[in-house]
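>
Number of protein chains: 2
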Amino acid sequence: MAYATARAAIGDSEFDRDTAVVARPGEPGTYDSELSAGWTIIRAVNGGYLLAVVGRALRAALPHPDPITITAHYLTASEPGPAVIRTETVRAGRTMSTGQASLFQRDEEGREVERIRVVAGYGDLAALPDDVRTSATPPSMPSYEDCVSSSDAPAGGPVTGSTAILDRLDLRLDLATAGWAVGAPSGAGDMRGWLGLADGRDHDAVSMLLAVDALPPTAFDLGLAGWVPTVELTVHLRCQPAPGPVRVALRTRNLAGGLLEEDAEVWDSKDRLVAQSRQLARAPRP
Amino acid sequence: MAYATARAAIGDSEFDRDTAVVARPGEPGTYDSELSAGWTIIRAVNGGYLLAVVGRALRAALPHPDPITITAHYLTASEPGPAVIRTETVRAGRTMSTGQASLFQRDEEGREVERIRVVAGYGDLAALPDDVRTSATPPSMPSYEDCVSSSDAPAGGPVTGSTAILDRLDLRLDLATAGWAVGAPSGAGDMRGWLGLADGRDHDAVSMLLAVDALPPTAFDLGLAGWVPTVELTVHLRCQPAPGPVRVALRTRNLAGGLLEEDAEVWDSKDRLVAQSRQLARAPRP
Numbered sequence: 001m002a003y004a005t006a007r008a009a010i011g012d013s014e015f016d017r018d019t020a021v022v023a024r025p026g027e028p029g030t031y032d033s034e035l036s037a038g039w040t041i042i043r044a045v046n047g048g049y050l051l052a053v054v055g056r057a058l059r060a061a062l063p064h065p066d067p068i069t070i071t072a073h074y075l076t077a078s079e080p081g082p083a084v085i086r087t088e089t090v091r092a093g094r095t096m097s098t099g100q101a102s103l104f105q106r107d108e109e110g111r112e113v114e115r116i117r118v119v120a121g122y123g124d125l126a127a128l129p130d131d132v133r134t135s136a137t138p139p140s141m142p143s144y145e146d147c148v149s150s151s152d153a154p155a156g157g158p159v160t161g162s163t164a165i166l167d168r169l170d171l172r173l174d175l176a177t178a179g180w181a182v183g184a185p186s187g188a189g190d191m192r193g194w195l196g197l198a199d200g201r202d203h204d205a206v207s208m209l210l211a212v213d214a215l216p217p218t219a220f221d222l223g224l225a226g227w228v229p230t231v232e233l234t235v236h237l238r239c240q241p242a243p244g245p246v247r248v249a250l251r252t253r254n255l256a257g258g259l260l261e262e263d264a265e266v267w268d269s270k271d272r273l274v275a276q277s278r279q280l281a282r283a284p285r286p
Numbered sequence: 001m002a003y004a005t006a007r008a009a010i011g012d013s014e015f016d017r018d019t020a021v022v023a024r025p026g027e028p029g030t031y032d033s034e035l036s037a038g039w040t041i042i043r044a045v046n047g048g049y050l051l052a053v054v055g056r057a058l059r060a061a062l063p064h065p066d067p068i069t070i071t072a073h074y075l076t077a078s079e080p081g082p083a084v085i086r087t088e089t090v091r092a093g094r095t096m097s098t099g100q101a102s103l104f105q106r107d108e109e110g111r112e113v114e115r116i117r118v119v120a121g122y123g124d125l126a127a128l129p130d131d132v133r134t135s136a137t138p139p140s141m142p143s144y145e146d147c148v149s150s151s152d153a154p155a156g157g158p159v160t161g162s163t164a165i166l167d168r169l170d171l172r173l174d175l176a177t178a179g180w181a182v183g184a185p186s187g188a189g190d191m192r193g194w195l196g197l198a199d200g201r202d203h204d205a206v207s208m209l210l211a212v213d214a215l216p217p218t219a220f221d222l223g224l225a226g227w228v229p230t231v232e233l234t235v236h237l238r239c240q241p242a243p244g245p246v247r248v249a250l251r252t253r254n255l256a257g258g259l260l261e262e263d264a265e266v267w268d269s270k271d272r273l274v275a276q277s278r279q280l281a282r283a284p285r286p
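Line by line, the protein sequences give chains A and B.
Numbering follows full-length UniProt numbering, in which position 9 of the first sequence is assigned residue number 9; successive positions increment by one, without gaps.
Numbering follows full-length UniProt numbering, in which position 144 of the second sequence is assigned residue number 144; successive positions increment by one, without gaps.
(1) By alpha-carbon positions, which one of A/253, A/96, A/252 and A/198 ends up nearest to residue 295 of chain A?
(2) Taking the CB atoms as reference points, tell me whether residue 278 of chain B and residue 100 of chain A lie closer together than 9 Å.
(3) Would you verify that the beta carbon of residue 236 of chain B is, or is not, closer than 9 Å to some beta carbon of chain A?
(4) Which of helix, strand or coil does DSSP assign to residue 18 of chain A?
(5) Which class does residue 137 of chain A belong to by DSSP, given the choice of helix, strand or coil?
(6) Given a threshold of 16 other Cβ atoms within 10 Å of its Cβ, counted over all protein chains shown, does residue 187 of chain A qualify as buried or as exposed?
(7) Does the CB of residue 283 of chain B have a neighbour CB from chain A at under 9 Å?
(8) One question on the structure: do residue 15 of chain B and residue 52 of chain B come within less than 9 Å of each other, judged by their Cβ atoms?
(9) Let me make sure I understand the geometry here. Which of A/120, A/83, A/124 and A/241 has the alpha-carbon closest to that of residue 110 of chain A?
(10) DSSP three-state call for residue 197 of chain A: helix, strand or coil?
(11) For residue 253 of chain A, return the contacting residues in chain B, with the cut-off set at a CB-CB distance below 7 Å.
(12) Determine, using beta-carbon pairs with one atom in the stretch 251–270 of chain B and one in the stretch 241–250 of chain A, whether at least three such pairs fall under 8 Å.
(13) So what does DSSP say about residue 127 of chain A, is it helix, strand or coil?
(14) Using a Cβ-Cβ distance under 9 Å, would residue 73 of chain B count as near chain A?
(15) Skipping 5 residues on each side, what residues in its chain have a beta carbon closer than 6 Å to that of residue 43 of chain A?
(16) Hey, out of A/85, A/263 and A/269, whose CA is closest to residue 136 of chain B's CA?
(17) Across which residues does DSSP place residue 314 of chain A in a beta bridge pair?
(18) State the Cα-Cα distance for the pair residue 148 of chain A and residue 85 of chain B, rounded to the nearest angstrom.
(19) Quick one: Cα of residue 115 of chain A to Cα of residue 102 of chain A, how far?
(20) Roughly how many whole angstroms lie between the Cα atoms of residue 266 of chain A and residue 207 of chain A?
(21) Kindly indicate which three-state DSSP category residue 7 of chain B falls into: helix, strand or coil?
(22) Helix, strand or coil: which one does DSSP assign to residue 146 of chain A?
(23) Restricting to Cα atoms, I'd like to know which of A/91, A/122, A/76 and A/130 is closest to residue 107 of chain A.
(24) Can you name the start and end residues of the alpha helix (DSSP H) that residue 221 of chain B belongs to?
(25) Give, in chain order, every residue of the stretch 253–270 of chain A whose Cβ lies closer than 8 Å to some Cβ of chain B.
(26) Looking at chain A, is there any beta carbon in it that lies within less than 9 Å of the beta carbon of residue 188 of chain B?
(27) Using the three-state DSSP reduction, which class does residue 264 of chain A fall into: helix, strand or coil?
(28) Can you find the residues in the same chain that come closer than 7 Å, C-beta to C-beta, to residue 23 of chain B, ignoring five residues on each side of it along the sequence?
(29) DSSP three-state call for residue 207 of chain B: helix, strand or coil?
(30) May I ask you to verify whether the stretch 183–199 of chain A touches the stretch 213–228 of chain A, counting CB pairs closer than 8 Å and requiring at least 3?
(31) On a CA-only basis, which of B/280, B/200, B/273 and B/212 is nearest residue 8 of chain B? Give me that one, please.
(32) Would you call residue 123 of chain A buried or exposed, if buried means 16 or more other Cβ atoms sit within 10 Å of its Cβ?
(33) Output yes or no for whether 9 Å exceeds the beta carbon distance between residue 239 of chain B and residue 204 of chain B.
(34) Taking the Cβ atom as the reference point for each residue, do residue 62 of chain B and residue 20 of chain B lie within a distance shorter than 9 Å?
(35) Which complete alpha helix (DSSP H) runs does the stretch 19–76 of chain A hold, if anything under 4 residues is left out?
(36) Which bits of chain A does residue 128 of chain B rub up against, with CB to CB less than 8 Å?
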């Protein structure tokens with residue numbers, strides 16, 4: 001069927017519709033959005049999806065299109081439904097501009113509650129010079145075909161609650177980091193997988209903000225189960241992703257004091273390091 | 001001489017005096033500071049020193065004492081002289097509070113210009129639980145005695161301009177990453193050294209903000225000379241540093257599009273990973 005095999009285009013896909021922001025007339029820098037229930041996991045809206053929504057608002061507000069470095073502090077748990085993003089242009093430079101944004105939702109009494117606060121430097125990835133001097137190498141992992149889809153996973157495992165986001169992703173995990181799904185985590189603190197979008201939309205700068213936070217948490221590979229709330233997430237975008245699924249490699253090296261870092265690298269089909277990120281998260285109680 | 005061998009105490013040292021902030025009467029959350037010329041390098045005030053000044057203001061403003069995760073965007077070049085820091089308490093939680101701060105200086109026309117913008121999550125390192133599950137290992141490097149002090153360095157090298165900060169630091173570089181000083185950089189993008197303060201003050205949470213940005217840039221080890229301006233710097237503090245100099249290991253893996261990341265790890269005398277940081281910086285033109 002042509003319909004089933006059609007690939008959604010960037011700008012006309014589930015992800016684009018669900019991250020859309022609408023400028024509020026008469027309030028410059030303010031954008032309305034509707035957080036979709038389609039990107040929830042366990043009991044919360046995915047933090048990467050949230051960052052993508054705010055990233056769309058900053059893209060609309062700033063003179064440069066791409067988040068080169070973007071940091072989010074997660075303050076309170078977001079819920080599906082209406083949200084407003086208020087942006088501020090901090091500085092507009094020639095090659096980079098700096099912006100700030102907060103996403104708010106209303107509580108039961110109708111008061112605005114801040115969900116996340118973001119500061120970012122935006123630039124134009126397509127305008128960056130071509131020089132590359134890298135010693136980074138792509139993660140060692142099986143091919144897309146030899147990784148396991150979440151639809152292959154047995155029922156159960158450490159996730160209880162919503163898995164809605166899995167229907168929106170084309171996520172295939174490296175079996176070496178998927179043992180937790182059958183009660184045999186490796187203990188290493190790694191998570192690796194191929195990541196596309198379920199409707200075939202290719203990646204762009206905005207979907208990279210989702211990609212760094214879309215895999216199961218490394219805590220699962222450490223043998224911990226439960227919610228791993230992000231305190232802070234910083235993403236650096238280093239080039240435009242080429243078409244096709246990306247490889248995402250997460251690693252946690254230091255769990256201490258009830259907190260852990262989760263480092264992500266995203267590599268595209270041309271073997272380029274597209275994004276680097278680090279988040280600080282609260283470790284699940286053992 | 002007792003004087004020469006006396007060690008400065010935390011709270012009564014050059015670093016403490018030069019990062020002091022004074023609450024402005026009648027303006028809650030606003031602090032005055034005097035940026036010292038003693039922490040300049042090449043032609044700018046060191047970015048880690050600046051972050052420590054802002055970190056002091058946030059410590060004064062927030063209900064928790066220690067920066068657990070702190071991000072700074074560097075907007076314009078700071079200069080020695082008066083500065084004002086305006087803070088905002090974004091959220092005050094039980095175990096962590098979130099704050100924002102901007103440091104301003106006045107330009108020639110007397111207008112306030114924003115130098116850096118900071119968002120941070122503060123907590124209490126001493127109150128964190130004791131659990132540690134780490135696979136991180138300290139950097140492989142020579143002992144303090146077998147590293148080279150900046151006072152041993154030949155004249156010349158890639159630094160032209162102020163080196164005032166070197167007089168405030170007890171910095172001893174791993175010879176393997178100091179070849180640039182004699183025109184023979186390794187090309188690896190590494191920089192490692194032992195770091196104390198020249199007056200013997202031990203480290204604390206605030207001086208960690210200096211430590212992650214106090215070594216020569218990894219760009220020197222890549223064979224590049226010149227100024228490497230920080231765009232954004234994020235520091236995670238994972239525990240209180242034990243007394244004595246710390247080991248700082250910097251690494252750059254990906255220089256692309258005129259930008260490079262510089263990752264830092266700081267290890268204390270008890271072999272604990274005290275801080276992790278990453279900055280995005282502009283690469284010097286080759």
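For every residue, glycine included, the Cβ atom is placed at its ideal position computed from N, Cα and C.
Please read all numbers here as calculations on a predicted model, not as lab measurements.
Looking at the atomic coordinates:
(1) With chain A covering only 1 through 286, there is no way to say anything about residue 295 of chain A.
(2) Here residue 278 of chain B is taken as the residue at index 278 of the second sequence, counted from 1. Here residue 100 of chain A is taken as the residue at index 100 of the first sequence, counted from 1. Not in contact: residue 278 of chain B and residue 100 of chain A (Cβ atoms no closer than 9 Å).
(3) In the second sequence, counting from the first residue as 1, residue 236 of chain B sits at position 236. Output row for residue 236 of chain B: interface = yes.
(4) Residue 18 of chain A sits at position 18 when you count from the first residue of the first sequence. DSSP places residue 18 of chain A in helix when its eight states are reduced to three.
(5) Here residue 137 of chain A refers to the residue found at position 137 when the first sequence is read from its first residue. Residue state, collapsed to three classes: coil.
(6) Position 187 of the first sequence, counted from the start, is the residue given in the question as residue 187 of chain A. Result: exposed.
(7) Start at 1 with the first residue of the second sequence, and residue 283 of chain B comes out as number 283. So yes, residue 283 of chain B belongs to the interface.
(8) Position 15 of the second sequence, counted from the start, is the residue given in the question as residue 15 of chain B. Position 52 of the second sequence, counted from the start, is the residue given in the question as residue 52 of chain B. Yes, they are a contact pair.
(9) By 1-based counting over the first sequence, the position of residue 110 of chain A is 110. The shortest C-alpha separation from residue 110 of chain A is found at A/83.
(10) Position 197 of the first sequence, counting from 1, holds the residue named residue 197 of chain A. It is a strand residue.
(11) Taking the first sequence and counting its residues from 1, one reaches residue 253 of chain A at position 253. Neighbours of residue 253 of chain A on chain B, chain order: 134, 135 and 136.
(12) Not touching, per the Cβ criterion.
(13) Numbered from its first residue, the first sequence carries residue 127 of chain A at position 127. In the structure shown, residue 127 of chain A sits in a helix (DSSP, three-state: H, G or I).
(14) For the purposes of this step, residue 73 of chain B is identified with residue 73 of the second sequence, where counting begins at 1. Yes, residue 73 of chain B lies at the interface with chain A (some Cβ there is under 9 Å from its Cβ).
(15) As a working mapping, residue 43 of chain A is identified with position 43 in the first sequence. Counting only Cβ-Cβ distances below 6 Å, and skipping sequence neighbours, we find 161.
(16) The sequence position of residue 136 of chain B within the second sequence is 136, counting from 1. Checked all of A/85, A/263 and A/269; the closest Cα to residue 136 of chain B is A/263.
(17) Here chain A comprises residues numbered 1 to 286, so residue 314 of chain A is not present and cannot be evaluated.
(18) The count along the first sequence starts at 1 and reaches residue 148 of chain A at position 148. The count along the second sequence starts at 1 and reaches residue 85 of chain B at position 85. If I take the Cα positions, the gap works out to 51 Å.
(19) As a working mapping, residue 115 of chain A is identified with position 115 in the first sequence. As a working mapping, residue 102 of chain A is identified with position 102 in the first sequence. Distance between the alpha carbons of residue 115 of chain A and residue 102 of chain A is about 7 Å.
(20) On the first sequence, residue 266 of chain A is found 266 positions in, with the first residue counted as 1. On the first sequence, residue 207 of chain A is found 207 positions in, with the first residue counted as 1. Roughly 11 Å separates the two Cα atoms.
(21) Translated into positions along the second sequence, residue 7 of chain B becomes position 7. Three-state DSSP puts residue 7 of chain B in coil, outside helix and strand.
(22) Start at 1 with the first residue of the first sequence, and residue 146 of chain A comes out as number 146. Residue state, collapsed to three classes: helix.
(23) The residue you call residue 107 of chain A lines up with position 107 of the first sequence. For residue 107 of chain A, the nearest C-alpha among the options comes from A/76.
(24) Here residue 221 of chain B refers to the residue found at position 221 when the second sequence is read from its first residue. For residue 221 of chain B, the uninterrupted alpha helix (DSSP H) segment begins and ends at 218–221.
(25) Near chain B, meaning a CB-to-CB distance below 8 Å, the residues of the stretch 253–270 of chain A are 253, 254, 255, 256, 257, 258, 259 and 261.
(26) For the purposes of this step, residue 188 of chain B is taken as the residue at position 188 of the second sequence. With 9 Å as the cut-off, residue 188 of chain B counts as an interface residue toward chain A.
(27) Start at 1 with the first residue of the first sequence, and residue 264 of chain A comes out as number 264. Of the three classes helix, strand and coil, the one that applies to residue 264 of chain A here is strand, per DSSP.
(28) The residue you call residue 23 of chain B lines up with position 23 of the second sequence. Closer than 7 Å at the Cβ level, and outside the excluded window around residue 23 of chain B, lie 31 and 60.
(29) Within the second sequence, the letter at position 207 stands for residue 207 of chain B. In the structure shown, the three-state DSSP call for residue 207 of chain B is helix.
(30) yes
(31) For the purposes of this step, residue 8 of chain B is taken as the residue at position 8 of the second sequence. Out of B/280, B/200, B/273 and B/212, B/200 has the C-alpha closest to the C-alpha of residue 8 of chain B.
(32) As a first step, residue 123 of chain A must be located in the first sequence, where it is residue number 123. Burial call: buried.
(33) Indexing the second sequence from 1 puts residue 239 of chain B at position 239. Indexing the second sequence from 1 puts residue 204 of chain B at position 204. Note that the C-beta distance between residue 239 of chain B and residue 204 of chain B is not below 9 Å.
(34) The residue you call residue 62 of chain B lines up with position 62 of the second sequence. The residue you call residue 20 of chain B lines up with position 20 of the second sequence. No, these two residues do not count as a Cβ contact at 9 Å.
(35) Listed in chain order, they are 47–61.
(36) Locating residue 128 of chain B in the second sequence gives position 128, where the first residue counts as 1. Those within 8 Å of residue 128 of chain B in chain A are 256, 257, 258 and 259.
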